[in-house]
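The structure appears right after this line, and notes come after that.
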Amino acid sequence: MADLPMHHRDPFDRLLVAQARSEQLTIVTGDRRIAASDVSVVDAG
43 MADLPMHHRD
53 PFDRLLVAQA
63 RSEQLTIVTG
73 DRRIAASDVS
83 VVDAG
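Just so we're aligned, residue 43 is where the sequence shown starts under our numbering, counting upward by one.
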């Protein structure tokens with residue numbers, strides 16, 4: 043998590059992004075800050 047950019051300051055969201063990165067998962071979210079991370083995202087907004 044230390045190498046993640048600070049797009050989102052919420053530690054739980056940072057954990058979600060780290061988990062998605064490590065396991066090549068897709069996150070379903072309407073949060074644009076998570077979408078700005080280097081993960082696959084399906085827009086729920």
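Yeah, the Cβ is synthetic: ideal placement off N, Cα and C, and Gly gets one too. Just so we're clear, the structure is a prediction, and the values are computed from it rather than from any experiment.
Item	Value
For the beta strand (DSSP E) containing residue 84, list its first residue and its last residue.	82–85
In whole angstroms, what is the alpha-carbon distance linking residue 70 and residue 79?	13 Å
Expressed to the nearest angstrom, what Euclidean distance is found between the alpha-carbon atoms of residue 58 and residue 51?	12 Å
Rounded to the nearest angstrom, what separates residue 65 and residue 87 at their Cα positions?	24 Å
Can you list, in chain order, the residues of its chain whose CB lies under 7 Å from that of residue 72, leaving out five sequence neighbours each side?	85, 86 and 87
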